[in-house]
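Protein chains in written order, with this note's numbering: chain A, 1 to 407; chain B, 1001 to 1407; chain C, 2001 to 2365; chain D, 3001 to 3365.
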């Protein structure tokens, strides 16, 4: 057990602190926003890339800093940005899911074409997974792609597609081998969202923004080479991607930041002249959450250490998304309660502007419910924890009309 | 809406208050005990019977007071005894389950033979339902009874049989029609626990007492007439009984009493000279529980009113056992926390004596967990609430080796 | 003893629900929510047909002379429909304020206007309610100055009735000199909040109560019960819709309501929510008929129903999956209505604190 | 940076678990629990072979010179096995009391006895720990009088070490004149509580610390971390057993672990319990190496792990159905061990109160 930083990491820490001290004022605001990055964010991302604070371990030839993967470096970077409440770089689906997927299983050409522009924020990706009627049951995707004259011709519909209304590209899970069993009939394609035949219809969410879309495909042509890994390998590739999504969503830095914000808010907010932190129930809830956050941070340190040691953390990793989103919701719940009636006025400043604090917290509060649903719902997570983590038996297959013939 | 009592009920209330004032000192202690009634309890029960405070609506010819059923009278009686913390009469399985079952579906002979002695506490019953391997799946009972020469010959094993170690009689669910479908092959017999061939083995529980037993049957002979309703009707009769059990377990009087006890305990218990009720977390938990108890009491008033009006309360009734046991556990949890280290010394005074307060609370705390398991576990309750109460579809039947041939 | 709604109450409830179902289909709700003003003249005037405006105004002033319980029944129906109307403030708190704090002559003047729907009086508290937000007003004779932020049910107010800390109430016409308002669309687009500032505005002072603070609290307590009833209705909508959705939606080849994961969430919802109905009735009836229990049950009802409703809102949204998170089904209107009700007139934390004080359970430090 | 157990710690953990598995099968545990004295000479002496007694005693006094983290690892193992040994008091708190509060000469005299297992010192607090129960002692020179109720790990104590409110500690031999004890078998039959009374009993006074209260609190904090570790181990046993049971038990024609109702309860258990392990390690390491965080993390670890463990205990017992409620599988030993650990040295409510005070979050009233 050694929580001290070796000299090398201390040097990195000092370097980042100096960077934040001189450059931090250029950072966009942390939290709340799930929008297309504005120019301020793009500029900041470019600065972070230049310093290797994002894209750090991505090879130089693909636009990164080419450093050897080192989870402790990553932890130092994350923790410094969190502590200073400074924007730590884009965490959209392209950066957090597609890039690691391509780096893991993409072709040389695919990596060269997409990794750099994606981490710079020039290409924004969306994820074409869910379909009407199969929200949680991804392997049941029915959107078809047929190979004709060197092109995949895509027909069908996706839904719950985050960011599709402003995305440049999509990674798409579609059925290319209709006669094979359910999980073996899928492929994973990369396509331009500007292709003819794509119709995007933004779905407004409860936050008042259009974080999701319906996307309709009518004879959309995608060059044959835009497949990742190969025909019928879509389920495999999708699982590579999902693995990265799950670790993206659970994150001790987020709950730590929120706890710090809460302590400040409860100290500053008064009712009848008494700060909320001096009122019993608010203080009790804060204390309980502080206990939870300490546990969560320590758990994260364990995961980091195991990752650095190349150990598969198993169930310890699988609990992160479910536990983290629930804890996040408890934190944002306390925040909106502390804001009270003052927090109720709600005007999102739109796609290109920063919202006020109360609106940001309310959006986070609602978005947390969205996180319980997206990226594998809580119930799906509990199935995974139970079945893969604790090795409990799977829900028995029920033979119904709907499943017959699907395998 | 009228929460005032009409003159008739005010008179009853006054009568009970006078009774408690003059006789209440003879009451045994409330709570904690799941033992064979001692002489003090039997004497008290006899007094209550004479006054019609128990067995009130049971016809005179079966040993009751023969009053017209009136849920408001029942509520007045219960609430006066609760408020005064006076023992309100036996609530064992014979009184609360078998007696109403026989009154509903028994023969004249059965009613005459069993109702009176049971409500007097002279016959103690146990319930022969669960078997090893079918704890929650009652309809799967395998204990057999074959009719030979005017006797049912019983062979098999029951488990989780409360009170069997001191019971006089059992109501038994057993398989008499092995070739019929699962639910249609059962019968419901009444038998003496002193019959040759019965072997009772007390199962000690976590409370340190033997609240349950294993009961083994080897060629136990039961007269043919000891069947309730008839051959193959056991599942029907068992459900009549279960209905009474479920309403027995959820009870707003219990949570009201506990809340009152908690307020006293938190006011009287000090740490470093400060009463717990003046300490933030204890007070907050008490307040939350007070809110829950108020809701629960009001809900109970609704059920009482609907019962008086002959309305089937449906899902409102179905939630009572699950919600009530969970609330009971939260209350007893606060009690053991308030007792703290002082509450840890634990010596149950045995089957025939009263325990000290701390031991009683600890037993109640553990017994509350038992209540989540017994009488249809929490999960079974949630199935019932979801399927019968909200009309959600049942868990699909899975075709496995174990179910094939059972129907 | 009879604990339940009377035949008249059930008939009134049925007709209100029928009316709202008819007048407030989802597309209409969306249209009304857009401006976020919390008031629609058509809907409001339509409710007059049901006698809603004068519900608790005494008969001698042209009302129906009913009680807080009847108002709570109506509030549950309005919450069930997410109706954008200033019910709590205008129809319940304002007449109660007159009945508790005003002289007979003042009652004579204003209560008939309330009953007729001519006066829409928004009620604000400068301090007593434990609501976050600036509130500081002074009364100089009959001139009111200062600000009260976050007044509810004031989107189309004709008057503002402001309770001062000492329990005096001051009524100011919305177009009075020195009065200015700023309307904020809120998280719940069916109800806005209004910041109101007074600068030596002429006021009618209501100070007829013997115990002015106690009189003010009666108005506050009733408001809290009505908000609890509204939350109950909103949570019930969400549960009913989630149950219906769970019976239809198919995933993994099965209707999702057949999965224990979904079934148990919904069972938890009904197990916690259903007792809230009895609680709201009891607390409302206490306002009408059981003064000893009125404050305690009002505080607890607001707090407990808010906590239950938050969980029901979360779980029923989860049950809907992506369909719950988007705007498609409009489920979020109720999610947000629950969020709004939770915070105004004091959140659960404050309400329980008051419940503790009532019982003398003060903390040591 | 490395946040995890070292190879040595893992090996020690393995050998301890191996030892306990071997020496403490269920029938042995039952036999030891019956008298409820919390001490078995064979088991205690056997643990000496593993170097347990001198675990945190500095090497110059014959110990292994390890830290609270190592002790926490051992405590988790002991909790996992429900071992009836006076570990927390005798092996952790007592030596820490000497290291923090005693003179060099006093350390010289007693620490080797602790390391050798000759002295089994029970540690009690008269006031600082927030434990319920009477505790009032006075020290007149080197004579101790008064009573301390509910001292843990004192079933076979050779000495009592009592911390006074001012942070002075007084060590009294168990057979000293004027000392009398009354042993109570507790809910957790693997650990009793002892009421001890002193009547002018001769004491060795430990008062060498600069800040005596701070020194006493270090002992208390370490004790709380060890109890948290013990609870973690106990809850982990219950979870492991529930998972195994759910894989075997068949109901309604299916292994019960295949029902989402059961699966989700167990998923909830592991999701809340697993992070407690990192928390316990962190808090233990803080006692050894991060003085700024030592108190806060100790308070939170005791409180949070207690709350998680209570829920795990309930849900894993439920998973076992009737088999969990009876004595048959002995599951209740762990249920009760969790209940015991929760209450001694201050419950969660008190621990969080101290955490608040540490951070200056005092209540208004």
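Cβ atoms here follow ideal geometry from the backbone N, Cα and C, with glycine treated the same way. Note that this is a predicted model, so its numbers are computed, not measured.
Check	Outcome
Consult DSSP for residue 3029/D and reduce its assignment to one of helix, strand or coil.	helix
Should residue 1011/B be labelled buried (16 or more other beta-carbon atoms within 10 Å of its own) or exposed?	exposed
Taking beta-carbon pairs under 7 Å, can you tell me which members of the segment 3245-3276 of chain D lie near chain C?	3259, 3260, 3261, 3264
Taking all protein chains shown into account, do 16 or more other C-beta atoms lie within 10 angstroms of the C-beta of residue 1274/B, making it buried, or fewer, making it exposed?	exposed
For residue 1238/B, is the classification buried or exposed, using 16 other Cβ atoms within 10 angstroms of its Cβ as the cut-off for buried?	buried
Can you check DSSP and say which residues form a bridge with residue 2254/C?	2251/C
Can you look up residue 1180/B in the DSSP assignment and give me helix, strand or coil?	coil
Kindly give me the distance between the Cβ atoms of residue 296/A and residue 332/A, rounded to whole angstroms, as I take these residues to be in contact under 8 Å.	With 8 Å as the limit, residue 296/A and residue 332/A do not qualify as a contact, their Cβ atoms being about 15 Å apart.
I'd like the list of long-range same chain contacts for residue 314/A, defined as Cβ closer than 7 Å, with 5 residues on each side in sequence excluded.	389
Considering just the uninterrupted stretch of the beta strand (DSSP E) at residue 2173/C, what are its terminal residues?	2169-2173
Counting only beta-carbon atoms, is residue 87/A nearer than 7 Å to chain D?	no
Which residues does DSSP list as the beta-bridge partners of residue 198/A?	217/A
Please classify residue 3088/D: is it buried, with 16 or more other beta-carbons within 10 angstroms of its beta-carbon, or exposed?	buried
Closer than 7 Å by C-beta to residue 1249/B: which residues in its own chain qualify, once you throw out the five before and the five after it? Chain order, please.	Residue confidence is low: residue 1249/B scores 42 on pLDDT, short of 50, so the model does not pin down where it sits. Its coordinate-derived value is still stated next. Cβ within range, chain order: 1321, 1324, 1325, 1371, 1375.
Pull out every residue of the segment 2181-2204 of chain C whose Cβ sits closer than 7 Å to any Cβ of chain A, in chain order.	2184, 2185, 2186, 2187, 2193
Around the Cβ of residue 2272/C, are there at least 16 other Cβ atoms within 10 angstroms (buried) or fewer (exposed)?	buried
Less than 8 Å between the CB atoms is what I'm expecting for residue 3193/D and residue 3150/D, so what's the real figure, rounded?	5 Å
Taking CB distances under 7 Å as the criterion, tell me whether residue 2363/C reaches chain D.	yes
Rounding to the nearest angstrom, what Cα-Cα distance links residue 3028/D and residue 3074/D in this structure?	20 Å
Which bits of chain C does residue 1274/B rub up against, with CB to CB less than 7 Å?	2364
For my contact list, residue 3301/D and residue 3208/D are in at a C-beta cut-off of 8 Å; report their separation, rounded to the angstrom.	28 Å between Cβ atoms; not a contact.
Reducing DSSP to helix, strand and coil, say where residue 1250/B ends up.	In this prediction, residue 1250/B scores a pLDDT of 45, lower than 50, which makes its location untrustworthy; no coordinate-derived value is stated.
Closer than 7 Å by beta-carbon distance: list the chain E residues that pair up with residue 1281/B, in chain order.	Absent from the structure: chain E. Protein chains present are A, B, C and D.
Taking the beta carbon of residue 106/A as the centre, do at least 16 other beta carbons fall within 10 Å, making it buried, or is it exposed?	buried
Based on Cα-Cα distance, which residue from 2164/C, 2047/C, 2005/C lies nearest to residue 2215/C?	2164/C
Let me make sure I understand the geometry here. Which of 337/A, 175/A, 355/A has the alpha-carbon closest to that of residue 231/A?	175/A
Per DSSP, which residues does residue 2/A bridge with? Please list them.	3002/D
Run through chain C and tell me which residues come within less than 7 Å of residue 204/A, C-beta to C-beta.	2326, 2327
Please report whether the beta-carbon of residue 305/A lies at a distance below 7 Å from any beta-carbon of chain D.	yes
Could you tell me which of 3199/D, 3251/D, 3147/D, 3143/D sits nearest to residue 3205/D, measuring between CA atoms?	3143/D
Could you have a look at residue 210/A and say whether DSSP puts it in helix, strand or coil?	coil
Quick one: is residue 2196/C buried, meaning 16 or more other Cβ sit within 10 Å of its Cβ, or exposed?	buried
Pull up the distance between the alpha-carbon of residue 2/A and that of residue 3069/D, whole angstroms please.	12 Å
Does residue 167/A get closer than 7 Å to chain C when you measure Cβ to Cβ?	no
Between residue 3136/D and residue 329/A, what straight-line distance do the alpha-carbon atoms span, to the nearest angstrom?	45 Å
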